[in-house]
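Visitor: Provided herewith is a single structure, encoded as structure tokens, for subsequent inquiry.
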Amino acid sequence: METKIISINDVQKNMESIREAAKMLRNGQLVAIPTETVYGLAANGLDEVAVKSLYDAKERPYYKAFSLQVADVNMVKDIAARVPDMALKLFERFCPGPITIVLPRKSNIPKRVTGGKSTVGIRIPDNEIALAVLREAGVPLAVPSANISAHPSPTSAKMVYDDMKGLIPLILDGGPCNLGIESTIVDCTGDEPMIIRHGAISEKEIMECVSGEK
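For the sequence shown, the positions run 1 to 214 when full-length UniProt numbering is used.
Below is the structure:
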């Protein structure tokens with residue numbers, strides 16, 4: 001498989017390429033996209049076959065769940081069975097941004113996405129290219145880091161190409177990622193938020209937001 005790289009310097013001037021990527025995703029193909037944290041490898045989160053391809057490309061065990069990225073908070077309600085107040089506070093304070101919020105999943109989300117779990121991680125990326133692709137695709141996207149499992153998370157299109165050459169058809173090159181570290185994952189399915197993975201947003205910031213201190 002040939003892996004094509006398309007440079008995106010201006011979203012509005014490159015909408016044809018954005019639409020091409022979105023169409024590929026809707027049709028079950030994999031596309032690497034930039035986010036503010038690291039480059040992600042995107043697949044249609046409602047397409048079980050596409051999600052299986054994502055596991056295979058990353059050489060990732062099937063029991064490890066993927067989170068889903070969406071374009072805005074309205075799309076969260078299409079994925080989550082319940083959105084408690086503390087989750088809404090976090091979405092409103094930090095999104096778009098480097099936070100993934102774990103909530104009970106709706107039945108329309110394939111179990112393959114969530115590793116068989118009843119929950120799903122949801123993120124709204126703070127990157128114009130990623131958001132444009134999400135809006136054009138019109139579906140939630142499973143977007144883990146665009147690397148072979150256990151390899152370093154890529155912060156540039158070249159790093160993605162070095163790892164994924166011949167495995168995926170398209171990489172959207174938006175330049176280097178701003179943060180270079182992954183999102184903070186917060187479980188909001190219980191009475192209190194629980195940090196699952198430390199990342200770009202600190203535990204102190206999370207707790208202050210939920211408690212209303214700031």
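Built from N, CA and C at the ideal position, the CB exists for glycine as well.
#1: Take every Cβ of the region 197-206, pair it with every Cβ of the region 89-104, and state whether three or more of those distances are shorter than 8 Å.
#2: Any contact between the region 85-94 and the region 181-193? By contact I mean 3 or more CB pairs, one from each, below 8 Å.
#3: Hey, out of M24, E16, A132 and G174, whose CA is closest to Q69's CA?
#4: Whole angstroms are fine: how far does the CA of D72 sit from the CA of H151?
#5: Under three-state DSSP, which class holds Q12?
#6: Do P154 and A146 come within 8 Å of each other at the CB atom, strictly closer than that value?
#7: May I have the straight-line CA-CA distance separating I124 from A81, to the nearest angstrom?
#8: Quick check on DSSP: helix, strand or coil for I129?
#9: Between the alpha carbons of I79 and K106, how many angstroms are there, rounded?
#10: Quick one: what's A80 bridged to in DSSP?
#11: CB-CB under 6 Å to G45, same chain, minus the five flanking residues each way: which ones, in chain order?
#12: Suppose only complete runs of 3+ residues qualify. What are the beta strand (DSSP E) ranges in the region 170-204, listed by chain order?
#13: Contact defined as beta carbons within less than 8 Å: I believe I5 pairs with D173. What is the distance between those atoms, to the nearest angstrom?
#14: What did DSSP end up calling G52 once you bin it into helix, strand or coil?
#15: One question on the structure: do A32 and V160 come within less than 8 Å of each other, judged by their Cβ atoms?
Guide: Result, derived from the coordinates:
#1: yes
#2: yes
#3: A132
#4: Rounded to whole angstroms, H151 to D72 spans 30 Å at the Cα level.
#5: helix
#6: yes
#7: 17 Å
#8: I129: helix per DSSP, three-state reduction.
#9: About 5 Å.
#10: R105
#11: L68, V113, P140, L141 and A142
#12: 170-173, 184-187 and 194-197
#13: 5 Å
#14: In the sequence as displayed, the identity of residue 52 is Lys instead of Gly. Three-state result, K52: helix.
#15: yes
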